[in-house]
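Since the structure comes first, as structure tokens, the remarks are kept for the end.
Protein chains: 2
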Amino acid sequence: MALTAAALIIGNEILTGKVVEQNVFVMARELFALGVELRRIIVCPDEVPMIVRDLRDLASSHDLVITSGGVGPTHDDVTIKAVAAAFDVPVVRAEVYESLLRAHHGERLTDMHLRMADVPQGCRLVTTSDMKWPTVVMRNVYVFPGVPQIFRHKFPVMREELKGTGRFHSRALYVGLDEPALALLLDQVSVAFPEVSVGSYLYWGDDADYRTKLTIDGRAQDAVERCFEALVAGIAPGMLVRVE
Amino acid sequence: MALTAAALIIGNEILTGKVVEQNVFVMARELFALGVELRRIIVCPDEVPMIVRDLRDLASSHDLVITSGGVGPTHDDVTIKAVAAAFDVPVVRAEVYESLLRAHHGERLTDMHLRMADVPQGCRLVTTSDMKWPTVVMRNVYVFPGVPQIFRHKFPVMREELKGTGRFHSRALYVGLDEPALALLLDQVSVAFPEVSVGSYLYWGDDADYRTKLTIDGRAQDAVERCFEALVAGIAPGMLVRVE
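Chains as they are written, first to last, in our numbering: chain U, -16 to 227; chain V, -16 to 227.
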């Protein structure tokens, strides 16, 4: 069985249109490559009661939950507090994290720096040989920072955590037809191959050599290939621009 | 009282990391400018039962719901069907939409084109003088297509719908300090001005002239300005790079 995942993106700055969210794409692509089925993403404000409610709901209905945002020393960084509350444990100072902070900041260390060492009691702190700062994992909840550069740096820790999970197989077709001209074929193929997921995406613009991209994803490689061949056979040869 | 909104982004392509989601930013920025409080965003798969559940939940707990994705003629375009099911009405063919499609496609019109005229019974079809194709509005649910270029073209219809809603006021400060050096000031200011929302965003990289951006949002302009002045007063002058 595939592992399922959900993401909780915590940040008023996303909901008010101040910044472009960048972590969902990185996370979704990486989880797909790892064979994990990302089923749900929620963006919520920096408010503890709402984060607690979402975390409890997502953590009980998915194998993994990934959070992004709300990690840091300022008043709007409430994720650690919310994760602790969601699992009914206190926030405690992690000795190992405190040692890392003391070694890094030396004489300049303040109480504000030390706030980063506050974690939910009973969490794991995971890292790799390439990463200095550990990632907090509470039960099945992985806590990542929202700053995109730091998120991208730390997210590969999931590869180590998820080693050995099954993979997805994918094909794609770029077609010189609009969706209405493909709709009947897609109806047929999606019924004939229920074990794969077929997607159809119109490209709107003049700067591409195709009109519609079709995608096929599945865990069984032979079903993906048979579905791919059925689509190729159903498209007039001159209209099939290229395949992947 | 401010209107509240939620967004439901429907699309396997987002959850599997095939495309970068682009509509959330457009929608969030525009709703903020219109004075609407976007409280929640959910990304879910192209699956009717899940969309129905989310729509019912979001539509009953927010003033407005905006959907993006799953609108079109192919098998994976299930949003209209799900909106109808969420409100327990059938899908019917809208005469006005059918007329538009007949006029546009002429002799080339097929049944697949006509699928676009299928709407939830009892919906409104709203448009403006600049837009040819109407937007489906079912009770408080606004249905937009996922293709980013079409979304951006159609979303301004919300401006007409939301005319006269109160606006937000905002200020921003770009500061040459890291978050730990600002955390105490932010603790104090966020307690002193509970009616405004203060955000703190670390910039991670070498290509900016500041380290942390502080933002203030609120409905009462004088509270926003007083909070802004309290922050300016709390930051050593040489460390305040610029303000907005």
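Every residue gets a Cβ at the ideal spot worked out from N, C-alpha and C, and that includes glycine.
So which residues of chain V does residue 15/U contact, with C-beta pairs closer than 9 Å?
The answer, in chain order, is -2, -1, 0 and 1.
Inter-residue spacing [alpha-carbon to alpha-carbon] between residue 21/V and residue 173/V:
Between residue 21/V and residue 173/V, the C-alpha separation is close to 21 Å.
Give every residue of the same chain whose Cβ lies closer than 6 Å to the Cβ of residue 150/U, excluding the five residues on either side of it in the sequence, and list them in chain order.
Excluding sequence neighbours, residue 150/U sits near 18.
Contacting residues, own chain, Cβ-Cβ under 7 Å from residue 11/V (five flanking each side not counted):
The residues are 21.
Taking the runs of the beta strand (DSSP E) that are 3 residues or longer, which of them lie wholly in the region 82 to 134 of chain U?
If one requires a minimum length of 3 residues, the beta strand (DSSP E) runs lying completely within the region 82 to 134 of chain U are 101 to 103, 107 to 109, 118 to 121 and 124 to 127, in chain order.
Please go through the same chain and pick out, in chain order, the residues whose beta-carbon is closer than 6 Å to the beta-carbon of residue 96/V, but skip the five residues on each side of it.
Around residue 96/V: 84 and 88.
Pairing CB atoms from the region 30 to 50 of chain U with CB atoms from the region 69 to 78 of chain U, are three or more of them under 8 Å?
Under the 8 Å Cβ criterion, the region 30 to 50 of chain U counts as touching the region 69 to 78 of chain U, having at least three qualifying pairs.
Tell me the start and end of each unbroken alpha helix (DSSP H) in the region 8 to 55 of chain V that is at least 4 residues and wholly inside, in chain order.
Secondary structure remark: continuous alpha helix (DSSP H) runs of at least 4 residues inside the region 8 to 55 of chain V, in chain order: 31 to 44.
Identify each residue in the region 117 to 142 of chain U for which the Cβ-Cβ distance to at least one residue of chain V is less than 7 Å, and report them in chain order.
Listed in sequence order: 130, 132 and 133.
Note down the Cα distance separating residue 60/V from residue 187/U, rounded to an integer number of angstroms.
Using only the alpha carbons, I get a separation of about 16 Å.
Scan the region -16 to 9 of chain V and note each continuous beta strand (DSSP E) run of 3 residues or more that stays entirely inside, going in chain order.
The region -16 to 9 of chain V contains these whole beta strand (DSSP E) runs: -13 to -7.
Rounded to whole angstroms, how far is the Cβ of residue 228/V from the Cβ of residue 207/V, which I believe are closer than 8 Å?
Residue 228/V is absent from the structure shown; chain V starts at -16 and stops at 227.
Chain V residues whose Cβ lies nearer than 9 Å to that of residue 8/U:
Taking a Cβ-Cβ threshold of 9 Å, the residues of chain V close to residue 8/U are -3, 0, 2, 3 and 4, in chain order.
Which residues of the region 193 to 205 of chain U have a Cβ closer than 8 Å to any Cβ of chain V? Give them in chain order.
Correct list: 198 and 200.
Under the three-state DSSP convention, the category residue 136/V falls into
Assignment of residue 136/V by DSSP, reduced to helix, strand and coil, places it in the helix class.
Residue 173/V CB to nearest chain U CB: under 7 Å?
True, the Cβ-Cβ gap to chain U drops below 7 Å.
With 7 Å set as the bound, which would you pick, yes or no: does the beta-carbon of residue 222/V sit closer than that to a beta-carbon of chain U?
With 7 Å as the cut-off, residue 222/V does not count as an interface residue toward chain U.
I want to verify the contact list: residues of chain V whose CB lies under 7 Å from the CB of residue 163/U, in sequence order.
Chain V residues near residue 163/U: 56, 93, 95 and 96.
Contact check, residue 133/V vs residue 101/V, beta carbons under 7 Å
No, these two residues do not count as a Cβ contact at 7 Å.
Those runs of the alpha helix (DSSP H) which lie wholly inside the region 139 to 213 of chain U and span at least 4 residues
Fully enclosed alpha helix (DSSP H) runs of 4 or longer: 140 to 144 and 162 to 175.
If you draw a straight line from the alpha carbon of residue 253/V to that of residue 215/V, how long is it in whole angstroms?
The displayed coordinates of chain V run from -16 to 227. Any statement about residue 253/V would go beyond what the structure contains.
Check for me: the beta strand (DSSP E) holding residue 75/V runs from which residue to which?
Where residue 75/V is concerned, the enclosing beta strand (DSSP E) stretches over 74 to 76.
Closer than 7 Å, Cβ to any Cβ of chain U: which residues of the region 18 to 47 of chain V, in chain order?
Taking 7 Å as the upper bound on Cβ-Cβ separation, chain U lies near residues 21, 22, 23, 24, 25, 26, 27 and 28 of the region 18 to 47 of chain V.
Residue interval of the alpha helix (DSSP H) (run including residue 66/V):
Residue 66/V: member of the alpha helix (DSSP H) spanning 62 to 69, first to last residue.
To the nearest angstrom, how far is the alpha carbon of residue 169/V from that of residue 211/V?
Near 11 Å, if we compare the C-alpha coordinates of residue 211/V and residue 169/V.
Please say whether residue 130/U and residue 185/V have beta carbons closer to each other than 7 Å?
A contact, by the Cβ cut-off of 7 Å.
Please confirm if the region 135 to 142 of chain V is in contact with the region 111 to 125 of chain V, defined as three or more CB-CB distances below 8 Å between the two stretches.
In short, these stretches touch, since the Cβ pair count reaches three.
Contact set between the region 175 to 186 of chain V and chain U, restricted to residues whose Cβ is under 9 Å from the partner:
Residues are counted here when their Cβ sits less than 9 Å from a Cβ of chain U; for the region 175 to 186 of chain V these are 180, 181, 182, 183, 184, 185 and 186, given in chain order.
What are the partner residues of residue 226/U, as DSSP defines its beta bridges?
Beta-bridge pairing links residue 226/U to 156/U.
Residue from 115/V, 57/V and 205/V whose Cα sits closest to the Cα of residue 82/V:
Answer by Cα proximity: 115/V.
Spatial neighbours of residue 23/V within its chain, please: C-beta separation below 6 Å, excluding the five flanking residues on both sides.
Here the set comprises -11.
Using CA coordinates, which residue listed in -14/V, 76/V, 29/V and 46/V is at the minimum distance from residue 57/V?
The residue with the shortest Cα to Cα distance from residue 57/V is 29/V.
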